[in-house]
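Asker: Taken in sequence, the protein lines are chains A and G.
Note that our numbering has the first sequence beginning at 1, numbered continuously upward.
Note that our numbering has the second sequence beginning at 1, numbered continuously upward.
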Amino acid sequence: MNKGTGVGIGPTAAAAAAAAQKQKTMMHRVDTDIASIVDNFTQLVNVARVNDPPVRNSQETFMMEMRAARMVQAADSLLKLVSELKQTAIFSGFASLNDHVEHRTNEFNQQAEKTDRMLARIGDEAAASLKEFESHYYSSAQRTAETE
Amino acid sequence: MDGNLEISLDKLPVKRLDAIEENGAERYPPDSSYDEKGVSLIRRIDFAWAVEDDEERERKKKQKKSSKDASAAWQWQSMVENLQLAHQELSVIIDLINTVEANDAVTVAGMTRPKPLPNEVLSDLAVSAATKLQCYRQLGKYFKQSAKAFKEQIAWEARFYGALIRLQQNWKVKRQRVAASASSNEGFTIDLFDNSLYDLAAMCRPSSLSTIRVEHDSAGMLAINLTPNSCRSLHFGFLGVHSADIPKNTSKIRTHGSVEQRIRESEKESISDDDYVKETHTLLREVHQSIFNDQVFEMLNREAFNQSVGVNVTGIRENYLQLSIGQGNTLFISLMPSNKGDNQDSADTQNLESAIVPSHSFDTENKWVFPNRTSCEIYLQQIFHENAFVKEKDKPNLSGTQASGQSGKVEPSLLGHRIFSSIVLTELENVVCRVPYLHLMTHPTWHSRTSSWTVFMKVPQSILHAESQSPKSDFQNMKEAIKSQFRTKVVLNDDRINVEGEGAPNVVGLFKSSENICSVNKYECDLADLPVIILLQVASQVIYWLHEEALTVGIKTNRDFLCLTFELEQGETVSLVAHVNPGDIKGGISWWLVMEDGFAEDWKLQMDMHDGASDYRKFLGHLTLDVLYSTSMDLVSMCGGGRNH
């Protein structure tokens, strides 16, 4: 898990200890759930023998339903664990997030500089065009005719 | 049992007289004990019907077997009948046992299960196996359903968290630990309020849109639901200006909060997750812009009520602010819902225009005096951005020219300058248009509160060519080449007009021995005097030029501010006098020819000064430079002596 490798320069000792404890808890949950699934499935397979007393078969039927429900519950617990890990990745992935933010900041700064240069160039071109237009206009026959 | 119900009637448990003896004694039958009663009841049970039913059943079976092929019998009918019969027998036996046990007449010593037959054992085993198989199948279905549900949940979470992670790259995602999470809310919010760079003392109150909840839609994808009309855009305008340019703002107006509606309309399933995330990014960006616009408006509200120079609040309503700046110019700034901007902007603006009479009349010409609305909106946003963000970030590097820390005061100064600049340009154009030998050139300063123009007076090329053909020294040619253009520079700083021109005589020139120095004048003036100042400057430049031309041909002339005097023979003087009139439609500068001698002084005092037909004063009209040059050359030719070839 990245949590173990994420302990670096930034977090304090308390945060590192909390992260380690959380990691340990999650591993325990994973082991518990996996063990539950395996154990229940084993029991399911073991009661496949058909017994003579029908009542025992009924009893085993109820037990199989219970073990199946436990398996599904353990699987659901594992899925919730995965969700928690995803959320932790979202809210604790500071390294990648900071890198991304820095990258985007550089991009935007470059874009801002490029835009400024473009605006300056546009301004220069507009000024040159304006100068040319004014020169042409005031030298044109139309303007001369207007003044006449 | 059979359909017919046999009923046996018991005698009433009433003591009936059995016999009466002769002595009158009544003889009743002896009372039976409780056990005897039970035994009598047991003896009354008739199992004959069961035996008869068995016989009939066997008979029917034989009949059915013979007709089995012909009829379409239900395959489980026999089993059902067997089960029913077994049930009946069991019921009877159980009732019997219960009755016997209740009466204590007979006690069940024991019951032994009959030894099952082999086929019964196998059938029981088959039933058990089938039951267990059925159970496993049900478990299999249950596992499949669970697996399908888990797959859907995994896919849902993959979409949701994938989109959330992508959103987190650009936005601040927060998690609220809610105890009971609803099905559509995992407790995630997106915080759009930036409280790290603001001046806390003047911090705006957080907008209601600052925190956006992340929810799920029906497909499991994250969704952001906004209330309609929650996003607002900034609108800027000048009162009294025709609202023809309102549609130019349509680029700012966008539909908002309707991302989901757009997606529903365009078949949601067909849009990929990438497109959906992009749409969400766009929506968040719109909200962010709306928050920014709210903050800009709030800043304007704060600054408008400060004692800023040239800013007066003339009207205020919800999300609407009206200011008066400069010389009676009224503008309004409002926050309007983005999706209603197209429809309501023009209506609201027209209503406002009709409600408030502007301070001075606006015609179509004055419409262009006002700066572009979009540029003003952009500049307002830029001011706020620089003061709120850049100022905090780069305090030592803050440029003093742009945002000098007084954002509210910059804005009206800029607007006032922009409006005044347009007016000044109009005046300059009016002047230049009337004088054919004047050219106007605009110098973009790229400064928001400084504007600059130059009025050129160019000597016609025909005159320059004519001069170049005359035998003159190279030095003189170079000198005249320089003086082919005269410039008058007009600089507008905020609302101060500075005019800088060359060619007019001034105090400095009086002390200079050489007349070849073209002195430069600098002075300030107001708008009303600007046309006159320009025309005076130009007229003086023309006089200077004619003076130089006369000197070139060796004739010494006297140059006054607007007068060039030629000394003729016999002491007579002829003067070319410029008359400046900004209101003259035909041209701003007209010329007079004034002749003076010793005897004409008395005449001049008695004559009407405005009589152009005087012998000593002749109105020449609005002359071009060519005509002036030829006139001055004619006068030069009339001058005698001192002419250098």
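We put the CB at the ideal spot given by N, CA and C, even for glycine.
Because the structure is a prediction, the values reported are computed rather than measured.
Within 8 Å, do at least three Cβ pairs link the stretch 222 to 235 of chain G to the stretch 274 to 291 of chain G?
Answerer: Touching, per the Cβ criterion.
Asker: Tell me whether histidine 439 (chain G) is buried or exposed, calling it buried when 16 or more other Cβ atoms sit within 10 Å of its Cβ.
Answerer: The sequence position of residue 439 (chain G) within the second sequence is 439, counting from 1. Looking at its Cβ environment, which holds 16 or more other Cβ atoms inside 10 Å, histidine 439 (chain G) is buried.
Asker: Between proline 371 (chain G) and chain A, is there a C-beta pair that is closer than 7 Å?
Answerer: If you number the second sequence from 1, residue 371 (chain G) lands on position 371. No - not a single Cβ of chain A is within 7 Å of the one on proline 371 (chain G).
Asker: Does the CB of histidine 103 (chain A) have a neighbour CB from chain G at under 7 Å?
Answerer: Counted from its first residue, the first sequence places residue 103 (chain A) at position 103. Closer than 7 Å: no.
Asker: Check whether chain B comes within 7 Å of lysine 132 (chain G), counting only Cβ atoms and requiring the distance to be less than that.
Answerer: Reference to chain B is not applicable here, since the protein chains of this structure are A and G.
Asker: Using only CA atoms, which one of G:Asp273, G:Thr631 and G:Gln485 lies nearest to tryptophan 156 (chain G)?
Answerer: Along the second sequence, read from residue 1 onward, the residue named residue 156 (chain G) stands at position 156. Comparing Cα positions, the closest option is G:Asp273.
Asker: Report the residue from A:Glu65, A:Pro53, A:Asn57 and A:Lys114 whose alpha carbon sits nearest the alpha carbon of tyrosine 142 (chain G).
Answerer: One-based indexing of the second sequence puts residue 142 (chain G) at position 142. Of the listed residues, the one whose Cα sits closest to tyrosine 142 (chain G) is A:Glu65.
Asker: Using the beta-carbon of each residue, which ones in chain G are nearer than 8 Å to methionine 64 (chain A)?
Answerer: Taking the first residue of the first sequence as 1, we reach residue 64 (chain A) at position 64. Per Cβ cutoff of 8 Å: Cys135, Tyr136 and Leu139.
Asker: Three or more C-beta pairs under 8 Å: does that hold for the stretch 520 to 534 of chain G against the stretch 562 to 577 of chain G?
Answerer: No, the stretch 520 to 534 of chain G is not in contact with the stretch 562 to 577 of chain G.
Asker: Between which residues of its own chain and leucine 425 (chain G) is the CB-CB distance below 6 Å, once the five residues before and five after are set aside?
Answerer: In the second sequence, the residue the question calls residue 425 (chain G) occupies position 425. Cβ within range, chain order: n/a, list empty.
Asker: Proline 337 (chain G) lies in the beta strand (DSSP E); which residues open and close that run?
Answerer: The sequence position of residue 337 (chain G) within the second sequence is 337, counting from 1. Where proline 337 (chain G) is concerned, the enclosing beta strand (DSSP E) stretches over 329 to 337.
Asker: Note down the Cα distance separating serine 40 (chain G) from serine 33 (chain G), rounded to an integer number of angstroms.
Answerer: Counted from its first residue, the second sequence places residue 40 (chain G) at position 40. Counted from its first residue, the second sequence places residue 33 (chain G) at position 33. About 11 Å.
Asker: Is the beta carbon of arginine 67 (chain A) sitting closer than 7 Å to the one on leucine 44 (chain A)?
Answerer: Against the first sequence, residue 67 (chain A) aligns to sequence position 67. Against the first sequence, residue 44 (chain A) aligns to sequence position 44. Result yes, Cβ atoms of arginine 67 (chain A) and leucine 44 (chain A) sit closer than 7 Å.
Asker: Decide if threonine 488 (chain G) is buried, meaning its Cβ has at least 16 other Cβ atoms within 10 Å, or exposed.
Answerer: For the purposes of this step, residue 488 (chain G) is taken as the residue at position 488 of the second sequence. Burial call: buried.
Asker: Within 7 Å of any Cβ in chain A, is that where the Cβ of threonine 189 (chain G) sits?
Answerer: Mapped onto the second sequence, residue 189 (chain G) falls at position 189. No - not a single Cβ of chain A is within 7 Å of the one on threonine 189 (chain G).
Asker: Mind listing the chain A neighbours of leucine 164 (chain G)? Cutoff is C-beta to C-beta under 7 Å, in chain order.
Answerer: Within the second sequence, the letter at position 164 stands for residue 164 (chain G). Ile90, listed in chain order.
Asker: Tell me the DSSP secondary structure of alanine 50 (chain G) in three-state form.
Answerer: Against the second sequence, residue 50 (chain G) aligns to sequence position 50. Correct three-state label for alanine 50 (chain G): helix.
Asker: Could you please give the first and the last residue of the uninterrupted beta strand (DSSP E) stretch that includes methionine 118 (chain A)?
Answerer: Taking the first residue of the first sequence as position 1, residue 118 (chain A) is located at position 118. Element bounds for methionine 118 (chain A): not the beta strand (DSSP E) but the alpha helix (DSSP H), 94 to 139.
Asker: Measure how close the beta-carbons of valine 636 (chain G) and isoleucine 543 (chain G) come, nearest whole angstrom, since I'm counting them as under 8 Å.
Answerer: Start at 1 with the first residue of the second sequence, and residue 636 (chain G) comes out as number 636. Start at 1 with the first residue of the second sequence, and residue 543 (chain G) comes out as number 543. Not confirmed; about 14 Å, so no contact.
Asker: Assign leucine 12 (chain G) to buried or exposed, taking buried as 16 or more other Cβ atoms, counted over all protein chains shown, within 10 Å of its Cβ.
Answerer: In the second sequence, residue 12 (chain G) corresponds to position 12, counting from 1. So leucine 12 (chain G) counts as exposed.
Asker: Between valine 72 (chain A) and chain G, is there a C-beta pair that is closer than 7 Å?
Answerer: For the purposes of this step, residue 72 (chain A) is taken as residue 72 along the first sequence, with counting starting at 1. Taking Cβ atoms only, chain G reaches closer than 7 Å to valine 72 (chain A), which makes this a yes.
Asker: Could you tell me whether any Cβ in chain G is nearer than 7 Å to the Cβ of threonine 61 (chain A)?
Answerer: In the first sequence, the residue the question calls residue 61 (chain A) occupies position 61. For threonine 61 (chain A), the answer is yes, since a Cβ of chain G falls inside 7 Å of its Cβ.
Asker: With 16 other CB atoms within 10 Å as the buried threshold, where does glutamate 569 (chain G) fall?
Answerer: For the purposes of this step, residue 569 (chain G) is taken as residue 569 along the second sequence, with counting starting at 1. Counting Cβ neighbours within 10 Å, glutamate 569 (chain G) comes out exposed, since fewer than 16 surround it.
Asker: Cβ-heavy atom distance between tyrosine 28 (chain G) and the ligand MG below 6 Å?
Answerer: Although the ligand MG was asked about, the structure shown includes no ligands whatsoever.
Asker: Mind pulling the chain G residues with CB within less than 8 Å of valine 50 (chain A)?
Answerer: Taking the first residue of the first sequence as position 1, residue 50 (chain A) is located at position 50. Ordered by position in chain G, the residues that pass the 8 Å Cβ test against valine 50 (chain A) are Leu125, Ser128, Ala129 and Lys132.
Asker: I want to verify the contact list: residues of chain A whose CB lies under 7 Å from the CB of glutamine 169 (chain G), in sequence order.
Answerer: Taking the first residue of the second sequence as position 1, residue 169 (chain G) is located at position 169. Those within 7 Å of glutamine 169 (chain G) in chain A are His100.
Asker: Taking 8 Å as the threshold, find out whether the stretch 93 to 103 of chain G comes into contact with the stretch 11 to 30 of chain A through three or more Cβ pairs.
Answerer: Result no; under three Cβ-Cβ pairs closer than 8 Å.
Asker: Does the distance from the C-beta atom of aspartate 39 (chain A) to that of alanine 74 (chain A) stay below 7 Å?
Answerer: The residue labelled residue 39 (chain A) in the question sits at position 39 within the first sequence. The residue labelled residue 74 (chain A) in the question sits at position 74 within the first sequence. No.
Asker: Helix, strand or coil for methionine 441 (chain G), going by three-state DSSP, please let me know.
Answerer: Reading the second sequence from its first residue, position 441 is the one you call residue 441 (chain G). Residue state, collapsed to three classes: strand.
Asker: Assuming leucine 209 (chain G) and valine 313 (chain G) form a contact by the criterion Cβ under 8 Å, report the distance between their Cβ atoms to the nearest whole angstrom.
Answerer: Translated into positions along the second sequence, residue 209 (chain G) becomes position 209. Translated into positions along the second sequence, residue 313 (chain G) becomes position 313. About 26 Å; that fails the 8 Å criterion.
Asker: Under a Cβ-count criterion, where at least 16 other Cβ atoms within 10 Å of its own Cβ denotes burial, should valine 55 (chain A) be classed as buried or exposed?
Answerer: Looking up residue 55 (chain A) in the first sequence gives position 55. With fewer than 16 other Cβ atoms within 10 Å, it is exposed.
Asker: Nearest to tyrosine 379 (chain G) by CA position, among G:Thr131, G:Leu234 and G:Arg113, is which residue?
Answerer: As a working note, residue 379 (chain G) is residue 379 in the second sequence. Nearest of G:Thr131, G:Leu234 and G:Arg113 to tyrosine 379 (chain G), Cα basis: G:Leu234.
Asker: Measure the CB-CB distance between leucine 535 (chain G) and valine 580 (chain G) and report whether it falls below 7 Å.
Answerer: For this step, residue 535 (chain G) is matched to residue 535 along the second sequence. For this step, residue 580 (chain G) is matched to residue 580 along the second sequence. Yes, Cβ-Cβ distance for leucine 535 (chain G) and valine 580 (chain G) is below 7 Å.
Asker: Name, in chain order, the residues that DSSP records as bridge partners for cysteine 563 (chain G).
Answerer: Here residue 563 (chain G) refers to the residue found at position 563 when the second sequence is read from its first residue. Answer is G:Val577, bridged to cysteine 563 (chain G).
Asker: What does the alpha-carbon distance come out to for the pair alanine 163 (chain G) and serine 375 (chain G)?
Answerer: Numbered from its first residue, the second sequence carries residue 163 (chain G) at position 163. Numbered from its first residue, the second sequence carries residue 375 (chain G) at position 375. Their backbone Cα atoms lie some 36 Å apart in a straight line.
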